[in-house]
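A.B. asks:
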Ligand code: ADP
Ligand code: MG
């Protein structure tokens, strides 16, 4: 029977301390990993330089965290287990600019209420060298003299022993263990200056020595991660964004390698997640999840960390400033064409024959290197400064090759030469000199590092797409006429037999069509006429283009939707406009495509997020043939 259904009023009581702590534990301690996180937080706050975590039974049977931090003096020890007892803040002002991981003073009390706890500690007290280390039993409150070096060890045994109902929610030991390890990895990524060791059932299962930030990320997330990621280093106003963003082709089906930190604290934050997501939007395949480690530094007064019991969520005073800074940081490194960066790298360290003969595992499977850049030294702007950006208009690739030989503009870099021959130019050009076309699909080229393979349709599609987007955005200004893609009338309108739906769509979307550079009008009830097409796509098949754009438009009827779907429509147009497979290209056309790729933003991925080129270095080729052994 419900207390409120009886006639007498219910009695209001103060809850006993133990029960209050157990209730708090419900929020703070979900599983062993939560305890690990709290204890490592405390060790870091104590200034530890080495932290050792020992686990039994996935952390359910025991969690022991040992540090060499400042320690807790004898008289303070009993306070550590008291609710709302903390050494980290003492006023509301402190709370507003808190710089420690903890500050609520409830973790140890909560954990002690649902497990068997003990703390042993030795503070740095020069006046008391004898009897300096003490052990406090969390259950009995007994304080015993012990011996140990400076620092603290917290022992947590039989988690949830007092609350068996909660123990039932735990998963297998292996699963709990993996959560514990993940909690430590999160700390380890943020604190490369601290050494970590993790033991399970007496076996060392993870160890990260002190390192620099890059080395630590490599140690924790692996060589693959670091090799295929771009370095972030971006300041905007009061916000600083550093870290690493994975190349688009390393994206995963699960969001399990996304680490975001605010002032060193791991957070799950919608603003940051959205900013990263939107940075990858144009280069990522469908629902793929990018990988990243992202550190946001901001004045602590501009972020409230006291909005969630485990502090995994934060609230920014100005979410937009964070969103923009993160977006600019990630978008910036993703947009720069990486071919050019790689060439700069190669130019700095062109492989000598001796280097090329360095022993390597000849059977390594991953010889097709991702288009990996020299991180952080190169931007799209410097590509433009190279002066090779306006070489040629490859958007017109389907034109007879005569049309592809305009003179090179005088802004071209002196090393540029229209009739490349020999190795000199191929070193200068990031994507090298075209040698041949393979099966009508791939372009083979030779550059300073070795051999480059380009998916010509995928690459060209991106170039056309970026061009169309650029046309729509550069002419955009709030008060100007609606933006239009430049359009070219056809000498003879192209007519085609259309379905009633196509005719209806063409009529309903006349404005949108003209914005897209298309003029499609009804010729008769069953015939449509294409009278103008985008200049960029002038040499394509107008009827095919009209049909695919009408099909796309039919899916998005309201005009606002069209605005949002614009990139999709442009992408469809680009695919239509891009050079087809099996179209044979002259060497000159191939070279023109390579040059355009080198200076087109996002050209390392096609519009669907797949890579457009790969390089195999001479070193890798030598290894493949066991040369120099
Ligand atoms: P909070 O971290 O929010 O202050 P906790 O319950 O986690 O609350 O810890 C209570 C207090 O115990 C801390 O403020 C700190 O003074 C002390 N403490 C806990 N763990 C350690 C440690 N490993 N080294 C030194 N002091 C510690
Ligand atoms: Mg704490």
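Numbering (my numbering), first residue to last: 37 to 665.
Every residue, glycine too, gets a C-beta built ideally from N, C-alpha and C.
1. Can you give the Cα-Cα distance for residue 322 and residue 52, rounded to whole angstroms?
2. Which residues does DSSP pair with residue 193 in a beta bridge?
3. Is the Cβ-Cβ distance between residue 348 and residue 313 less than 8 Å?
4. Measuring from each Cβ to the nearest heavy atom of the ligand MG, keep the ones under 6 Å and list them in chain order.
5. For residue 345, which residues from the same chain have a beta carbon less than 6 Å from its beta carbon, with the 5 sequence-adjacent residues on both sides left out?
6. My guess is that residue 159 and residue 107 are in contact by the Cβ rule of under 8 Å, so how many angstroms apart are they, rounded?
7. I want to know whether the segment 132–141 touches the segment 60–79 - three or more CB-CB distances under 8 Å.
8. Going by DSSP, what residues sit across from residue 328 in a beta bridge?
9. Could you name each continuous beta strand (DSSP E) segment of 3 residues or more that falls completely within the segment 47–109, going from the start of the chain to the end?
10. Kindly give me the distance between the Cβ atoms of residue 480 and residue 545, rounded to whole angstroms, as I take these residues to be in contact under 8 Å.
11. Beta-carbon within less than 6 Å of residue 531's beta-carbon, same chain only, minus the 5 sequence neighbours each way: which residues are those?
12. Can you find a heavy atom of the ligand ADP that lies under 7 Å from the Cβ of residue 202?
13. Taking 7 Å as the line, does the beta carbon of residue 182 fall inside it for any heavy atom of the ligand ADP?
14. Scan the segment 568–629 and note each continuous alpha helix (DSSP H) run of 4 residues or more that stays entirely inside, going in chain order.
15. Assuming residue 360 is part of the alpha helix (DSSP H), what are its boundary residues?
16. Which residues bound the beta strand (DSSP E) around residue 469?
17. So what's residue 158 in DSSP terms, helix, strand or just coil?
18. Apply the 10 Å Cβ neighbour rule to residue 292 and answer buried if 16 or more other Cβ atoms are within range, or exposed otherwise.
19. Taking its Cβ as the centre, do 16 or more other Cβ atoms sit within 10 Å of residue 326, making it buried, or is it exposed?
20. Roughly how many angstroms separate the alpha carbons of residue 211 and residue 96, rounded to a whole number?
21. I'd like the list of long-range same chain contacts for residue 502, defined as Cβ closer than 7 Å, with 5 residues on each side in sequence excluded.
22. So, helix, strand or coil for residue 454, using DSSP?
23. Taking residue 586 and residue 538 to be in contact with their CB atoms under 8 Å, please state how far apart those CB atoms are, rounded to whole angstroms.
24. Which first and last residues belong to the alpha helix (DSSP H) in which residue 236 is found?
25. Given a threshold of 16 other Cβ atoms within 10 Å of its Cβ, counted over all protein chains shown, does residue 223 qualify as buried or as exposed?
26. Buried or exposed, going by whether 16 or more other CB atoms sit within 10 Å of the CB of residue 509?
27. Consult DSSP for residue 498 and reduce its assignment to one of helix, strand or coil.
28. Can you tell me where the beta strand (DSSP E) holding residue 652 begins and where it ends?
29. Using a Cβ distance threshold of 8 Å, determine whether the segment 227–235 contacts the segment 264–271, with at least three qualifying pairs required.
30. Examine the ligand ADP and report whether any of its heavy atoms sits within less than 7 Å of the Cβ of residue 655.
31. Near residue 221, which residues of its chain fall below 6 Å by C-beta distance, leaving aside the five closest residues on each side in sequence?
32. On the premise that residue 614 lies in contact with residue 496, defined as a C-beta separation below 8 Å, what is that separation, rounded to the nearest angstrom?
33. Leaving out five residues on either side along the sequence, give the residues of the same chain with a beta carbon under 7 Å from the beta carbon of residue 666.
34. Output yes or no for whether 8 Å exceeds the beta carbon distance between residue 183 and residue 57.
35. Do you know how far the Cα of residue 309 is from the Cα of residue 619?
36. Quick one: what's got a C-beta closer than 8 Å to residue 113's C-beta in the same chain, skipping five residues either side?
C.D. replies: Reading off the structure:
1. Answer to the nearest angstrom: the Cα atoms are 53 Å apart.
2. Beta-bridge pairing by DSSP links residue 193 to 98 and 152.
3. Cβ distance not < 8 Å, so residue 348 and residue 313 don't count as in contact.
4. In chain order, the hits are 74, 77, 78, 138 and 143.
5. Contacts found: 63 and 64.
6. That pair is a contact at about 4 Å.
7. Contact holds between the segment 132–141 and the segment 60–79, because three or more Cβ pairs, one in each stretch, are under 8 Å apart.
8. The beta-bridge partner set that DSSP reports for residue 328 consists of 281 and 294.
9. The qualifying runs are 86–92 and 98–103.
10. Contact between residue 480 and residue 545 is absent: CB atoms are separated by about 43 Å, not below the 8 Å threshold.
11. Exclusion of the five residues before and after residue 531 leaves 559, 563 and 565 as the residues of its chain whose Cβ lies within less than 6 Å of its Cβ.
12. Not under cutoff, so the answer is no.
13. No; taking the cut-off as 7 Å, the Cβ of residue 182 has no heavy atom of the ligand ADP nearer than that.
14. Within the segment 568–629, the complete alpha helix (DSSP H) runs of at least 4 residues are 578–591 and 595–613.
15. Following the DSSP letters along the chain, one finds residue 360 inside the alpha helix (DSSP H) bounded by residues 355–371.
16. Here the beta strand (DSSP E) through residue 469 covers 469–474.
17. Strand, per DSSP.
18. Per the 10 Å Cβ criterion, exposed.
19. Residue 326 is buried by the Cβ-count criterion.
20. The straight-line gap from Cα to Cα measures roughly 11 Å.
21. Cβ within range, chain order: 636, 637 and 638.
22. Model confidence at residue 454 stands at a pLDDT of 42, short of 50, so the residue's coordinates are unreliable; what they give is reported in the following sentence. In the structure shown, residue 454 falls within a coil segment according to DSSP collapsed to helix, strand and coil.
23. Rounded to the nearest angstrom, the Cβ distance from residue 586 to residue 538 is 5 Å, consistent with a contact under 8 Å.
24. Where residue 236 is concerned, there is no enclosing alpha helix (DSSP H), although the beta strand (DSSP E) it sits in stretches over 231–236.
25. Residue 223 is buried by the Cβ-count criterion.
26. So residue 509 ends up on the exposed side.
27. Assigned with DSSP and collapsed to three states, residue 498 falls in helix.
28. Note, residue 652: beta strand (DSSP E), 649–653.
29. No, because fewer than three Cβ pairs between the segment 227–235 and the segment 264–271 fall closer than 8 Å, the two stretches do not touch.
30. Because no heavy atom of the ligand ADP lies under 7 Å away, the Cβ of residue 655 does not count as near it: no.
31. Excluding residues up to 5 positions away in sequence, 256 lie with their Cβ nearer than 6 Å to the Cβ of residue 221 in the same chain.
32. The pair is a contact, with the Cβ atoms about 4 Å apart (cut-off 8 Å).
33. Residue 666 lies beyond the stretch modelled for the chain, which goes from 37 to 665, so this question has no answer here.
34. Against a cut-off of 8 Å, the Cβ pair of residue 57 and residue 183 comes out as no contact.
35. Their Cα atoms are separated by approximately 42 Å.
36. Counting only residues of its own chain and dropping the five nearest sequence neighbours on each side, residue 113 has a CB closer than 8 Å to the CB of 155, 157, 170, 172 and 179.
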